[in-house]
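K.L.:
Here the working numbering = 1-based position in the sequence shown + 1243. Ideal Cβ positions, reconstructed from N, Cα and C, are used throughout, including at glycine.
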Amino acid sequence: MKFRQWMLVLLLAAVAAPAAFAAQPKARHVVLVACDGWGAYSLRKADKATIPNIAGLMSRGAWTLKDRAVLPSASAINWASMFMGVPTELHGYTQWNSQKPEIKPNLLNEHGIAPTIFSELRRQRPDARIDVVAEWGGIGHLIDRKAVDSYFLVPGKYEEKPNAIIDEAVRLIREEKPTLLAVCIDQLDHVGHGQGHDTPAYYKKLAAVDGYVGRILKAIDEAGMAKDTVVILTADHGGIKKGHGGKSLEEMEIPFILAGPAVKAVGEFDAAMMQYDCAAVIADLLGVEAPAGWRGRAYPQLLK
């Protein structure tokens, strides 16, 4: 075979190589627990005895309270960035309750929205199990439902069924052992709007969320997944006073906590982290090649 022909064969082989082999997975499972309206400042102020599970993950993992939401007080915009790996001007969602992009995205997947961590995992690893459970219906417009195996929205008024979302998350972990499970909790934001952020009622609800985290950790252990699962805790935005709507750092700075056997126990790390980094971190953990248009960074220095 002539040299030119040989080089052409090599080039074609490289182009045809599936993206799934772009990187080796660092974890077999990722469980993302994301809370609407969870300000980072609350973890500095909270009595650690009331949040033992969150504090435990922080003590044996990596975390920052300086992750920044793309825009303060904007739910759909920030959930989209968390899932899509890009800021609002690229994914196109501009309103707090967007059901479709108000600005045409600069990149689209085969389902007509900006590529999500869910659609990229599905495309590159077709056999992956992907599940999403949520308390706010807006999540269903942002996750690319055609890419997930199941989408569970707590029926009716979720505040009347506060354990429903965790009951379903625990069931999925035990029965399905998902590759990626996203648990999207709205309860903190509900209290923040109704009774106020940084109030006794808010910290009481934060303690309840800690209990949910504890149930998830127990389910992971009981499912035999503890040795190869990474848990991520984060938020879409924070809040201040009763309701929210300003531009303060208290509303923009959110927690990002990463823990599991694949994560170095570095404790607090200082990085200019942005919300759209979350998708990139999950992609790196699961061996998924990030789309060329993503802006998020993976922070491999936090992983073993």
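Provide the residue(s) that pair with Glu1511 in DSSP beta bridges, ordered along the chain.
P.N.:
For Glu1511, which the question treats as bridged, DSSP gives the partners Trp1306.
K.L.:
Can you tell me the Cα-Cα spacing of Trp1379 and Asp1429, whole angstroms?
P.N.:
Cα to Cα, Trp1379 sits roughly 6 angstroms from Asp1429.
K.L.:
Spatial neighbours of Pro1543 within its chain, please: CB distance less than 8 angstroms, with the 5 preceding and 5 following residues excluded, ordered by chain position.
P.N.:
Excluding sequence neighbours, Pro1543 sits near Asp1527.
K.L.:
Can you check whether the CB of Leu1385 is closer than 8 angstroms to the CB of Ile1525?
P.N.:
No, these two residues do not count as a Cβ contact at 8 angstroms.
K.L.:
Give a yes or no on contact between the region 1271-1281 and the region 1465-1476, applying the rule of three or more CB pairs nearer than 8 angstroms.
P.N.:
Segments in contact, yes.
K.L.:
Could you round the C-beta distance between Asn1321 and His1480 to whole angstroms and report it? I think they count as a contact, below 8 angstroms.
P.N.:
About 5 angstroms; that satisfies the 8 angstroms criterion.
K.L.:
Any contact between the region 1298-1313 and the region 1398-1406? By contact I mean 3 or more CB pairs, one from each, below 8 angstroms.
P.N.:
No, they do not touch.
K.L.:
Tell me where the beta strand (DSSP E) around Ser1209 begins and ends.
P.N.:
Here the chain covers residues 1244 to 1547 and nothing more, so residue 1209 does not appear.
K.L.:
According to DSSP, Glu1496 sits in a beta bridge with which residue or residues?
P.N.:
Beta-bridge pairing links Glu1496 to Arg1311.
K.L.:
Are at least three pairs of beta-carbons, each pair with one atom in the region 1458-1468 and one in the region 1278-1292, less than 8 angstroms apart?
P.N.:
No: fewer than three Cβ pairs fall under 8 angstroms.
K.L.:
Could you tell me how far apart the beta carbons of Ala1505 and Leu1546 are, in whole angstroms, since I believe they sit closer than 8 angstroms?
P.N.:
Right, the Cβ-Cβ distance comes to about 5 angstroms (below 8 angstroms), so this counts as a contact.
K.L.:
For Asn1352, does the count of other Cβ atoms within 10 angstroms reach 16, so buried, or fall short, so exposed?
P.N.:
By the 10 Å Cβ count, Asn1352 comes out buried.
K.L.:
Pop quiz: Gly1439 and Lys1485 are said to be a contact at Cβ under 8 angstroms. What is the actual Cβ separation, rounded to whole angstroms?
P.N.:
Yes, they are in contact, since the Cβ atoms of Gly1439 and Lys1485 sit about 4 angstroms apart, within 8 angstroms.
K.L.:
Using CA atoms only, rank isn't needed, just tell me which of Pro1348, Val1426 and Thr1337 is closest to Ile1373.
P.N.:
Of the candidates Pro1348, Val1426 and Thr1337, the one whose C-alpha sits nearest the C-alpha of Ile1373 is Val1426.
K.L.:
Opposite Cys1278 in the DSSP bridges: which residues?
P.N.:
According to DSSP, which records beta bridges pairwise, Cys1278 is partnered with Ile1428 and Ala1478.
K.L.:
With a Cβ-Cβ cutoff of 8 angstroms, do Val1434 and Tyr1445 count as a contact?
P.N.:
A contact, by the Cβ cut-off of 8 angstroms.
K.L.:
Looking at the unbroken beta strand (DSSP E) that takes in Ile1382, where does it start and where does it end?
P.N.:
Element bounds for Ile1382: n/a, residue is neither H nor E.
K.L.:
Count the C-beta pairs between the region 1489-1503 and the region 1306-1313 that are closer than 8 angstroms, then say yes if the count reaches three, no if not.
P.N.:
Yes, they touch.
K.L.:
On the criterion of 16 or more Cβ atoms from any shown chain inside 10 Å, does Trp1249 qualify as buried, or is it exposed?
P.N.:
Because Trp1249 carries a pLDDT of 39, less than 50, the predicted location of this residue cannot be relied on, and the following value inherits that uncertainty. So Trp1249 ends up on the exposed side.
K.L.:
Whole-angstrom Cβ separation of Pro1315 and Glu1494, contact assumed at under 8 angstroms?
P.N.:
Their Cβ separation, rounded to whole angstroms, is 4 angstroms, which keeps Pro1315 and Glu1494 in contact under 8 angstroms.
K.L.:
Taking the alpha-carbon of Ala1319 as reference, which of Lys1269, Ala1533, Val1531 and Gln1518 has the nearest alpha-carbon?
P.N.:
Among Lys1269, Ala1533, Val1531 and Gln1518, the Cα nearest to that of Ala1319 is on Gln1518.
K.L.:
Would you call Pro1421 buried or exposed, if buried means 16 or more other Cβ atoms sit within 10 Å of its Cβ?
P.N.:
With 16 or more other Cβ atoms within 10 Å, it is buried.
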